[in-house]
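**Student:** Chains as they are written, first to last, in our numbering: chain L, 677 to 789; chain A, 398 to 506. Each residue gets a CB set at the ideal place from its N, CA and C atoms; glycine is no exception. Just passing along the structure, written as structure tokens.
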């Protein structure tokens, strides 16, 4: 049973639109992450947070921004979507200790036309 | 940061056969994790290996961490159609997970 939720599951929008991808977790995890994944490809870290009011950019440069006002909520925003932003965006959280790995949400598949 | 190379990139397996996928690093790893992503799905954590030479089993899946902690392998016996997907190894770089490119497994019935 997934304890981390992403909405929407699929999104098709026009170029230039502002969008926010939602990610919420009910596990009380402090550490949360956003990965970008093109079909059949590896995952690239674009943002992460170690707790409330903590946000950092990941290894892959991204034009998106994130916020962490509440522990359970880690939304990702694109101010002006472009076709190059078309991809799958995966949110993940990490519990205390590494032994349990990351828990991923179901992802948002974004298409910008 | 540290990186891993996964081989092969694609693995086409006859149902019932065994196969192994590898994750190699040029540097010593503190630990390594394995994830499985079904087609159209999201990565799901399988296991973490920490100790040199460690071997862990999950039913038909056997995970191994090399003695030098520079490589890891995933061996699947008697492959089933439910094994279809992409298997990623991942390592911690600056306390964040970096994923390999994955091995995508298809199964011929």
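Give me the DSSP bridge partner(s) of residue 713(L).
**Tutor:** 719(L) and 764(L)
**Student:** With which residues is residue 742(L) paired in a DSSP beta bridge?
**Tutor:** By DSSP's assignment, residue 742(L) forms a beta bridge with 752(L).
**Student:** Please decide whether residue 499(A) counts as near chain L, where near means a Cβ-Cβ distance under 8 Å.
**Tutor:** yes
**Student:** Below 9 Å on C-beta distance, what does residue 776(L) contact in chain A?
**Tutor:** Near residue 776(L) (Cβ distances below 9 Å), the residues of chain A are 442 and 445.
**Student:** Just to make sure I have the definition right: I need the residues of chain A whose C-beta is within less than 8 Å of the C-beta of residue 736(L). Which are they?
**Tutor:** Near residue 736(L) there are no residues of chain A at all, since even the closest Cβ is about 11 Å away, more than 8 Å.
**Student:** Determine the contact status of residue 409(A) and residue 500(A), defining contact as a CB-CB distance below 8 Å.
**Tutor:** No; because the gap between Cβ atoms is not below 8 Å, this pair is not in contact.
**Student:** Using only the alpha-carbon positions, how far apart do residue 438(A) and residue 423(A) sit?
**Tutor:** Each residue's Cα considered, the two are about 30 Å apart.
**Student:** If contacts are defined as beta-carbon pairs under 8 Å, then residue 430(A) and residue 442(A) qualify, I think. What distance do you get, rounded to the angstrom?
**Tutor:** 7 Å
**Student:** Span of the beta strand (DSSP E) holding residue 690(L)?
**Tutor:** No beta strand (DSSP E) contains residue 690(L), which DSSP labels as neither H nor E.
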